[in-house]
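First comes the structure, then the notes that go with it.
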Amino acid sequence: MTPAPTPHVGPNVVPDQIPTLTQDMALGHVPKAVSLALDARDAEKQALMGLSEELVQNLRPEIERLTAEMVQRTLQGVWDKRARIAKDVS
300 MTPAPTPHVG
310 PNVVPDQIPT
320 LTQDMALGHV
330 PKAVSLALDA
340 RDAEKQALMG
350 LSEELVQNLR
360 PEIERLTAEM
370 VQRTLQGVWD
380 KRARIAKDVS
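Heads up, the sequence shown is in the numbering used here, so the first residue is 300 and it goes up one at a time.
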């Protein structure tokens, strides 16, 4: 497996110093720094997903209002089209 290109992570870190995980590397052999970095990334992801849930909950009344408005406009359009067809048939 070839390592992915390393993004720029800061002026003090040289890409050659960042260990690369391989498929055959046992979990116990993962360097502590990599393990801590992965745990930090996981915690960051969990915090972001929690924020997402909180935002959706806060926006729920507005989402419901917009959805109801869209459904009402759509059905009004269907009714208007149906009325035009009925008028043309008469």
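Backbone N, C-alpha and C fix where the C-beta goes; we use that ideal spot for every residue, glycine too.
Within its chain, find whatever has a CB closer than 8 Å to the CB of residue 334; leave out the 5 residues flanking it on each side and keep chain order. Cβ neighbours of residue 334 beyond the five flanking positions: none.
Taking the continuous alpha helix (DSSP H) assigned at residue 319, which residues delimit it? Looking at the DSSP string, residue 319 is not in any alpha helix (DSSP H), and its letter there is neither H nor E.
What separation, rounded to the nearest whole angstrom, lies between the Cα atoms of residue 331 and residue 350? The straight-line gap separating the alpha-carbon atoms of residue 331 and residue 350 is approximately 28 Å.
Taking just the CA atoms, how far does residue 362 sit from residue 317? Roughly 44 Å separates the two Cα atoms.
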